[in-house]
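Novice: Residue numbers (my numbering): 69 to 141. Questions regarding the structure given below will be posed in turn.
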Amino acid sequence: MTQWGAEVLAAARRREVQERICVLTDRLEFVRKQVADIEGELVEAQLDDLELAVRAPHEFNLDDSVFGGSLPL
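Next up, the structure:
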């Protein structure tokens with residue numbers, strides 16, 4: 069193989085690798101956004117759980133709480 073041919077192949081391989089990096093970076097950003105959305109929903113649900121415990125402690129079973137009965141009084 070000539071040096072020119074080797075350079076062409078190396079350049080093509082670099083482009084393939086760069087494209088793969090771009091695809092993987094995009095996928096990672098998408099997953100990070102999904103994780104952030106899920107974490108936000110989880111925090112909202114935990115706050116709802118805590119709010120229910122505070123509003124009606126006599127009706128609230130601490131064992132049912134995500135806080136495992138460790139609610140401050």
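Glycine is no exception: its CB is placed at the ideal position from the N, C-alpha and C atoms.
#1: Under three-state DSSP, which class holds ALA124?
#2: Let me confirm a value: ALA121 is counted as buried when at least 16 other C-beta atoms fall within 10 Å, else exposed. Which label applies?
#3: What does the alpha-carbon distance come out to for the pair THR93 and VAL85?
#4: For THR93, which three-state DSSP category applies?
Specialist: Quick answer:
#1: coil
#2: buried
#3: 12 Å
#4: helix
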